[in-house]
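Okay, so here's the structure we're looking at.
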Amino acid sequence: MKQSPWVLVGTVFLVMIGLSLVAPILPLYAREFGVSRTAAGGLISSFAFARLIFDFAGGPIVDRVGSRRIMVGGALVLSVASVVAALAPSYQILLFSRFVEGAGSAAFATAAMHYLIVTTDVTQRGRVMARFQMGLVGGITIGPVVGGYASELGDFTTPFWIYAGIGLIIAAVAWRYIDDVPPTGATIREVYGAAGRLAKRPAFLALMFVTFGLFFMRGGINITLIPLFGSEELGLGADQIGTVLAGAAFMNLLIVNPGGWVVDNVGRKPVLLVGLVVTAPIIDVYGWTTSYLTLLLVGLAYGLVTSLAALPPPTMAGDLAPPGATGAAVGLYRVAGDLGLVIGPLALGAIVEDGSFRLGFAVAAAVLIVGAVLTAVFIPETRHGDQASDAVLTGDDRNVDPPV
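At the far end of the sequence shown sits residue 1153, using the working numbering, and the numbering has no gaps.
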């Protein structure tokens, strides 16, 4: 079905709106149950922990069951869990509902990415994955605004009710308009075996580190350092900090489509290298800004170049995926990303605990430089397909990496 990729991008957009519209009220809602700030933060941790579990387990399950069924099931799980969160009589029930939401979101995202990879020709994969990224970034940008206004018009449970409705809409749309992708027919043991062999390949391990670094940067910079640095060092208000982050997100959206074309026509590896090498010094410059204007300008540049760095990895994960084990490759890719998203805020937050923001930004930049070196040494150009993928599925690990 010709419209399937765009329909899928639309559902991803809605999922990300749902995920992010509860962000502004989560800690406030938790505090209504009389819990500590640490316990309020546990709502984020439980969600992330569930995502990590299903990232690892869910990828091979998608290969075994098929992507459309997992997408529909994931959306329904999100809807039910959101209703439970809205009606939660205690913090413990709310915490459990967030864990279930994490599992549902991981299921949907893994299946959606799997679907796009297996239904897209390798020569167009960069552009299709760029649209996928557009749905992600667009939803994350709009969601908090919708959630904030919804909670003002109603109460802290209102965003969860909206999220529940969104989940039902997504499930119906996915079932009606997205073509099914037949499962591979491989046994779980065969698929997990392929995933294990794939995880031993130097090229894929290097790609996982790059993915970890990019999400380490996103979580550590966007969620932690920019708000803290803007507030404590520059004396900015929440509206100004929000404008800086929104400006970076807008530049991401601006470059994502042309960036996808470049990934397909110039190559995955050169775009990734340029993105990583240029992003690192811009991150470091963040720590030397002295005003709202300079922070905003650096944020715009940051949004522009991080889009280039972020586009190739999911495309390359699809390129490197062995036949019949695309879900396994997607699952491993997402494990690396979610680990970075969890560790980044904690690590950089600890580094800047004594106020050394410049060191925090420098560490984030250094992680990307290491990723650039690994890319240059271990990751081949995959634009024309990875001819060695078949060997991974069959268990032949000899000389599976083409020359760099």
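Beta carbons are placed, not taken as given, at the ideal position from N, Cα and C, and that holds for glycine.
Item, Value
"Can you have a look at PRO1063 and say buried or exposed, based on whether 16 or more other CB atoms are within 10 angstroms of its CB?", "buried"
"Would you kindly report the start and end of the unbroken alpha helix (DSSP H) that includes ASP1013?", "987-1014"
"Considering only the alpha carbon of each residue, which of VAL811, GLY875, SER831, ASP904 lies closest to ALA858?", "VAL811"
"For a minimum of 4 consecutive residues, which ranges assigned as the alpha helix (DSSP H) are wholly contained in the segment 818-906?", "840-867, 874-902"
"Is it buried or exposed for ALA987, if we count other Cβ within 10 angstroms and need 16 for buried?", "exposed"
"Can you tell me which of VAL764, ALA1111, VAL1091 puts its alpha carbon nearest to the alpha carbon of TYR912?", "VAL764"
"Does the distance from the C-beta atom of LEU1053 to that of ILE1092 stay below 8 Å?", "no"
"To the nearest angstrom, how far is it from the Cα of PHE798 to the Cα of GLY851?", "8 Å"
"From LEU775 to LEU792, what distance separates their C-alpha atoms?", "7 Å"
"ASN1014: buried (16+ other C-beta within 10 angstroms of its C-beta) or exposed?", "exposed"
"Here's the rule I'm using: 16 or more other beta-carbon atoms within 10 Å means buried, otherwise exposed. How should ALA944 be labelled?", "buried"
"According to the neighbour-count rule (16 or more other Cβ atoms, all chains shown, within 10 Å of its Cβ), is LYS949 buried or exposed?", "exposed"
"Assuming VAL1020 contacts VAL1012 under a Cβ cut-off of 8 Å, what Cβ separation, rounded to an integer in Å, is found between them?", "5 Å"
"Could you work out which residue in ALA1059, VAL993, ALA921, GLY896 is closest to VAL1027 when comparing CA atoms only?", "ALA1059"
"For the putative contact between ILE802 and ILE891, defined by C-beta atoms under 8 Å, what is the C-beta separation to the nearest angstrom?", "Wrong, their Cβ atoms sit about 28 Å apart, outside the cutoff."
"Please classify LEU902 as buried or exposed, where buried requires at least 16 neighbouring CB atoms within 10 angstroms.", "exposed"
"Any chance the segment 808-827 sits against the segment 920-929, with 3 or more Cβ pairs inside 8 Å?", "yes"
"Is LEU777 buried or exposed, if buried means 16 or more other CB atoms sit within 10 Å of its CB?", "exposed"
"Does DSSP put PHE1127 in a helix, a strand or coil?", "helix"
"Could you give the DSSP three-state label for GLY783: helix, strand or coil?", "coil"
"For the segment 978-993 against the segment 869-886, do three or more pairs of beta-carbon atoms, one drawn from each stretch, fall closer than 8 Å, so that the two count as touching?", "no"
"Let me know if HIS1133 comes out buried or exposed under the rule of 16 or more other beta-carbons within 10 Å of its beta-carbon.", "exposed"
"Run through DSSP, which three-state label would SER795 get?", "helix"
"Alpha carbon to alpha carbon, what distance is there between SER785 and VAL877?", "43 Å"
"Buried or exposed: where does LEU865 fall if 16 or more other Cβ atoms within 10 Å of its Cβ makes it buried?", "buried"
"Quick check: what's the CA-CA separation for THR1055 versus LEU1025?", "8 Å"
"Nearest CA to the CA of ASP928: which residue from ALA1125, VAL756, MET1000?", "VAL756"
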